[in-house]
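Enquirer:
Residue numbers (UniProt numbering): 1 to 270.
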C-alpha cells in the first residue's frame, strides 16, 4: 500500500507517496531513514544534481497505483559519476547495493519526474510544508523573494530543484542557529549584540551607520524575530554576491568593483 513520505530529505520531490519494503528490503521508512543517513553529508554537497532524487527513489521509491517504481540506470550512473570522486576523498566507495547495473534501463522512473521550477510563492509553500517555521511563525513572502534572489544563479526568476535544495539547507542552518542561540532569550529575539556577531561570523564588516540602518529596518521592538533575521542575512549575502560580480581583475592585492548608479540602486533596492 502507498503511504506518505516521512523521510525529511525526500519530502518536496515531485512524488509524495512511497511503499515499503523498499528496493533494499527496509520494512519501514524509519529503518530506511537510518540507513540513508550515511549519505546525508554527500547529499548536502549536491555533488550531482541527481543524487538526492536517485537516493530517494531507492530508499523511498515512488508508489504508483500500489506498485513500486524503480529508478533508471542512467539516473544512477549520473549520480555515481558526480559523487564518486567526492566519496573517494573521504575514503568511501560507491556501495555495492547501489550498483548501477542492477537498475533497469527502461520501464523506470527518470529525471523527468522532477518538480517544476518554483517562483517565490511556490518556494514559500515548499518551505512551509517542509517545517521551516518556528513555533508556527513562518517566513514571509518578502523573505522568500530575498531567498529566491540569493539562490537564483541564472537569474531566471525561478529556482530549479538543485537551487531549492541549496536554499533549504541555508534556511535550515539559519533556523537552527536562531532556535538554539536566540529563541531562549526573554523575549525570544535576536539582540543587537547577537546580530553583530551573526553578521561578523559571515565575514561582513559593517560600520556603525550601516548596521544601525539595517537594525532599524528589521527590528521589532527590542530585537529581531525569526523571519527578519533570515531576511537580514539573505539581503547581505545578495549584496555581497552582486559586488563580487563586478570585481575588476587588477594587478594588485585589492578589491575594486565597477558600479554604475543604476547598478548600485538595483543592488540596494533589489
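Built from N, CA and C at the ideal position, the CB exists for glycine as well.
Ordered along the chain, which non-local residues of its own chain (more than five positions away) have a Cβ less than 6 angstroms from that of residue 178?
Expert: Closer than 6 angstroms at Cβ, skipping near neighbours: 226, 229.
Enquirer: Taking Cβ positions, are residue 139 and residue 127 nearer each other than 7 angstroms?
Expert: Yes, the pair counts as a contact, with Cβ atoms nearer than the cut-off.
Enquirer: Would a C-beta distance cut-off of 7 angstroms place residue 78 and residue 108 closer than the cut-off?
Expert: Contact: no.
Enquirer: Can you list, in chain order, the residues of its chain with a C-beta nearer than 6 angstroms to that of residue 49? Leave out the 5 residues immediately preceding and following it.
Expert: Contacts found: 162.
Enquirer: Enumerated in chain order, which unbroken segments of the alpha helix (DSSP H) with a length of 4 residues or greater are wholly contained in the UniProt domain "FZ" (1–111)?
Expert: You should have 29–36, 40–45, 51–59, 73–89.
Enquirer: By the DSSP assignment, the alpha helix (DSSP H) with residue 246 in it spans what residues?
Expert: Here residue 246 belongs to no alpha helix (DSSP H), and DSSP marks it neither H nor E.
Enquirer: Counting along the chain, where does the alpha helix (DSSP H) carrying residue 208 start and finish?
Expert: Its alpha helix (DSSP H) spans residues 208–218.
Enquirer: Between the segment 240–255 and the segment 211–223, do three or more beta carbon pairs fall short of 8 angstroms?
Expert: The segment 240–255 vs the segment 211–223: no contact.
Enquirer: If you measure between the beta carbons of residue 150 and residue 234, is that distance less than 7 angstroms?
Expert: Yes. Within cutoff.
Enquirer: Between residue 73 and residue 31, is the Cβ-Cβ spacing less than 7 angstroms?
Expert: No, they are not a contact pair.
Enquirer: DSSP puts residue 223 in a beta bridge; with which residues?
Expert: 220.
Enquirer: Identify every residue that forms a DSSP beta bridge with residue 137.
Expert: Per DSSP, 134.
Enquirer: Is the CB-CB distance between residue 224 and residue 190 below 7 angstroms?
Expert: Cβ atoms of residue 224 and residue 190: closer than 7 angstroms.
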